[in-house]
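All remarks here apply to the structure that follows.
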Amino acid sequence: MTTNWLPPTDDQMGRLLRDYYRSRIPVFPPAAVVVAEPAPTLSAPQRSRLVRSRWVMAVCLALVLGALGWLMGQNPAYRSGPPAGFNHPTASPRTLFTPATPGWPDSQPAK
Amino acid sequence: MNATPPPGDGRRADFEALYQRHSREVWALAYARWMNADTALDITQEAFLRLWKQWEANETIRNPRAWLIRVARNLAEDHVKSAFRRNGTHPPQLMNGVRSEAPAPLESLEREESFAQLHAVLQELSESDRHLLTLRYGFEYDAGQIADALGIHTTAVHMRLSRARQRLAERLTARGVQTES
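Taken in order, these protein sequences are the chains called A and B.
Going by this note's numbering, the final residue of the first sequence carries number 106, and the count climbs one at a time with no gaps.
Going by this note's numbering, the final residue of the second sequence carries number 183, and the count climbs one at a time with no gaps.
What follows is the structure in structure tokens.
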């Protein structure tokens, strides 16, 4: 008949094993600690103020970048394309091999 | 234990009962795999946390114990992969050889030396032997409890335990650690 009884562990190896495991087995935290949600680092009013301030910062940054872009646009050097009235045969590659048109100097093929 | 989680306070009470009943068993499984107490505790807590989240989502778990064991095994394997990613083929040995400046009593030193030798020998045994020895000597489970935990017959528990002790004794003797079985 098989029983639940096992030989006693008071032999030397058993003692060594028991002491070894006692030194290794940790203190198990309560179940409530295992499933506890981590406490928020900010309170709800603090979080809403932080979110609001981030929106304000984003709007200000957009305004600053928009103003900077407008200022740069006032300088002709930053505008894309040739300025008004600029006509040079080499300004556009498409004009390199076209015949001379009235008012234009004779266009020469690129060497 | 109901397969469907009870609502509210009943759920928490059932979870605590389940935790009390099976946390050591899950820890023993994880410790047998990794031979690291802190890692085993992390795996245990993560497994129970996932069970709690399943219950919060009103998921039905037919056999919570088997579910926990399976999750713990998977977490232990994931830990292996993440350790490989962090450390390559070498395990972390950050604190190896670090000693306190305070002198330790001789008895404490001898004890730690014995534990270190035993730890090294246990790592040479199979994971199933380690699991068995942890349940028997760590948590002092009887044959019926071990049989229930491992899903085997009590006769097999006696046989496997005897063989595990024999293998352990042979290796300890080979290392010069005298024991009397």
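All C-beta atoms, glycine included, are put in the ideal place defined by N, C-alpha and C.
Asked	Found
Coil, strand or helix - D144 of chain B by DSSP	coil
Sufficient close CB pairs (3 or more, under 8 Å) joining the segment 37 to 50 of chain A to the segment 45 to 56 of chain B	no
Bounding residues of the alpha helix (DSSP H) (the contiguous stretch that carries P40 of chain A)	39 to 69
Secondary structure of S128 of chain B, DSSP reduced to three states	coil
When B:D16, B:E109, B:E18, B:S128 are compared against N35 of chain B, the one with the closest alpha-carbon	In the sequence as displayed, the identity of residue 35 of chain B is Arg instead of Asn. Selected option, being the one with the closest Cα: B:S128.
Residues of the segment 165 to 176 of chain B with Cβ closer than 9 Å to any Cβ of chain A, in chain order	R167, L170, A171, L174
T46 of chain B beta carbon less than 8 Å from that of A74 of chain B	yes
Chain A within 8 Å of S110 of chain B, Cβ atoms only	no
Below-8 Å beta-carbon distance, P93 of chain B vs any chain A residue	Interpretation of P93 of chain B is limited by its pLDDT of 47, a score under 50 that renders its predicted location unreliable; the figure taken from the coordinates is listed afterwards. Judged by the 8 Å Cβ criterion, P93 of chain B is not in contact with chain A.
Chain C contacts from the segment 46 to 74 of chain A (Cβ-Cβ distance under 9 Å)	Note that chain C does not occur in the displayed structure, where the protein chains are A and B.
H81 of chain B, buried or exposed, once every other Cβ within 10 Å from all chains shown has been counted against 16	buried
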